[in-house]
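Numbering (the working numbering), first residue to last: 891 to 1120. Shown next, in structure tokens, is the structure this report addresses.
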């Protein structure tokens, strides 16, 4: 049989344990903890069993004990419900997180499509220019003579360096902004990858001459137009 002093001390400890247990569950529900506080819950349950077994006759302590039991019962019901929702994937935090992942994936797809469209418009412009009078004149002139070593050495380096690419990206974004087109769907890396992918084809069509790009508006949309580099 426990005396009043021991019972009161263990009741004090149990009340603190329950408060701590509540905080740990909230941390788990919010994603700060990877696992539920199972060990702490078992420890509290054992303490509650002891308090139940040695309930005192003192009215004040009995009231505190009943309050503790009621509070634990309410919290336990809440914990079980949220745990079930987490296991079933219907908990609001998990649903919101999944929604954010879907939105991020869609935004990434939009950025890729916008960059691909800009690259495709640039390729179409290049094909159109190749079918023009300049293309016919080049065909009449016969096969191109291999360039001399000195001429190759004097040509600008193929591709766009970082400074040119940054300037092109800034002008492209500014044009889209002025044309009231979304700018968050096109990142620097996406545009650069699209341009790097089509540059070899464009330069091959131009006999190896370096290619630059102009930002143009065609059919009401901002795009890129390949031009000969100065």
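For glycine and all other residues, C-beta sits at the position ideal for the given N, C-alpha and C.
Cα-Cα separation between residue 1038 and residue 1119, rounded to whole angstroms | Working through the chain shown from its first residue, we reach residue 1038 at position 148. Working through the chain shown from its first residue, we reach residue 1119 at position 229. Only weak support is given to the placement of residue 1038: the predicted model assigns it a pLDDT of 43, under 50, and the question is left unresolved by the model.
Return helix, strand or coil for residue 1100, following the three-state DSSP convention.
-> Sequence index remark: in the chain shown, residue 1100 carries index 210 (1-based). Coil.
Supposed contact pair residue 1106 and residue 1116 - C-beta distance, whole angstroms, cut 8 angstroms = Locating residue 1116 in the chain shown gives position 226, where the first residue counts as 1. Locating residue 1106 in the chain shown gives position 216, where the first residue counts as 1. Residue 1116 to residue 1106, Cβ: 10 angstroms. No contact.
What three-state label does DSSP hand residue 925 in the structure shown?
-> The residue you call residue 925 lines up with position 35 of the chain shown. Coil at residue 925, not helix or strand.
Within the same chain, show all residues whose beta-carbon is closer than 7 angstroms to that of residue 955, passing over the 5 residues directly before and after it, in chain order.
-> Translated into the one-based positions of the chain shown, residue 955 becomes position 65. Here the set comprises 901, 941 and 945.
The beta strand (DSSP E) spanning residue 1111 covers which residue range?
-> Your numbering for residue 1111 matches position 221 in the chain shown. Here the beta strand (DSSP E) through residue 1111 covers 1111-1118.
To which residues of the same chain is residue 905 closer than 7 angstroms at the C-beta, ignoring the five residues directly before and after it?
-> Position 15 of the chain shown, counted from the first residue, corresponds to residue 905. 958, listed in sequence order.
Quick one: measure Cβ to Cβ for residue 961 and residue 908, integer angstroms, because I've assumed they're closer than 8 angstroms.
-> Mapped onto the chain shown, residue 961 falls at position 71. Mapped onto the chain shown, residue 908 falls at position 18. Sure, about 7 angstroms apart at Cβ, within 8 angstroms.
Do we get a CB-CB distance below 8 angstroms when we pair residue 938 with the residues of chain D?
-> Checking the listed chains, one finds no chain D in this structure; it contains a single protein chain.
Alpha helix (DSSP H) containing residue 1122: first to last residue?
-> Past the edges of the chain, shown from 891 to 1120, lies residue 1122, and the structure says nothing about it.
Proximity below 8 angstroms, CB of residue 1076 to CB of residue 1004 = Counting from one through the chain shown, the residue named residue 1076 turns up at place 186. Counting from one through the chain shown, the residue named residue 1004 turns up at place 114. Cβ distance < 8 angstroms, so residue 1076 and residue 1004 count as in contact.
Excluding sequence positions up to five away, which residues of its chain have a Cβ less than 6 angstroms from the Cβ of residue 1082?
-> Here residue 1082 refers to the residue found at position 192 of the chain shown. Excluding sequence neighbours, residue 1082 sits near 1055.
Counting along the chain, where does the alpha helix (DSSP H) carrying residue 1090 start and finish?
-> Here residue 1090 corresponds to residue number 200 of the chain shown, with the count starting at 1. 1078-1095 is the extent of the alpha helix (DSSP H) around residue 1090.
C-alpha distance - residue 1080 paired with residue 1064, whole-angstrom precision = Locating residue 1080 in the chain shown gives position 190, counting from the first residue. Locating residue 1064 in the chain shown gives position 174, counting from the first residue. Answer to the nearest angstrom: the Cα atoms are 16 angstroms apart.
Among 978, 898, 1084 and 914, nearest to residue 953 - alpha-carbon criterion = Numbered from 1 along the chain shown, position 63 holds the residue referred to as residue 953. Residue 953 has its Cα closest to that of 898, out of 978, 898, 1084 and 914.
Backbone CA spacing between residue 1067 and residue 931 [nearest angstrom] = Residue numbering aside, residue 1067 sits at position 177 when the chain shown is read from its first letter. Residue numbering aside, residue 931 sits at position 41 when the chain shown is read from its first letter. Those two C-alpha atoms are separated by around 56 angstroms.
Three-state secondary structure (DSSP) at residue 920?
-> Here residue 920 refers to the residue found at position 30 of the chain shown. Looking at residue 920 - three-state DSSP - the assignment turns out to be coil, as it is neither helix nor strand.
Are the Cβ atoms of residue 923 and residue 911 separated by less than 8 angstroms?
-> As a working mapping, residue 923 is identified with position 33 in the chain shown. As a working mapping, residue 911 is identified with position 21 in the chain shown. Against a cut-off of 8 angstroms, the Cβ pair of residue 911 and residue 923 comes out as no contact.
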